[in-house]
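Structure, as structure tokens:
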Amino acid sequence: MDVKGFYECIGGNYQTALSRMMNDKFIFRMLGKFVAVDYLSPIKEAYGKKDFDALFQAVHTLKGLSGNLALDSLFEIAHKVTEKTRNLNGAE
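Here it is as structure tokens:
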């Protein structure tokens, strides 16, 4: 599967990613860096501890990274959670 096909499969915006990163090789490299990091464990841990400041920060990070990579489906989910946790326990 090529990078464009990957974006189509996951509900991302390939054209936006391409405009930001200029070529498939760089997009692929950035996606590789993205998947190499475990973003879900800090979210689950913060949620389990009811640490809404940490939850907000972890989801906000995921939102920013997924937005920059034009991973639109993931961005939309992270955006919703970010907004729901923004004002809990003083998160800003």
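Residue numbers for the sequence shown follow my numbering, so the first one is 1 and each next one is one higher.
Don't be surprised by glycine CBs; every beta carbon is placed ideally from N, CA and C.
Tell me where the alpha helix (DSSP H) around residue 20 begins and ends. Element bounds for residue 20: 14 to 21.
Starting from residue 64, follow the alpha helix (DSSP H) in both directions and report where the run begins and ends. Taken as a continuous stretch (DSSP letters only), the alpha helix (DSSP H) holding residue 64 covers 52 to 68.
With residue 53 and residue 24 assumed to form a contact (beta carbons below 8 Å), what rounded beta-carbon distance in angstroms separates them? Between residue 53 and residue 24 the beta-carbon gap is near 38 Å, outside 8 Å, which marks them as no contact.
Alpha helix (DSSP H) containing residue 33: first to last residue? Secondary structure note for residue 33: its alpha helix (DSSP H) is the uninterrupted segment 24 to 35.
Who are the near neighbours of residue 59 in its chain, counting only those whose CB is closer than 7 Å to its CB and skipping five residues on each side? For residue 59, the CB contacts under 7 Å within the same chain, skipping 5 residues up- and downstream, are 43, 78, 81, 82 and 85 in chain order.
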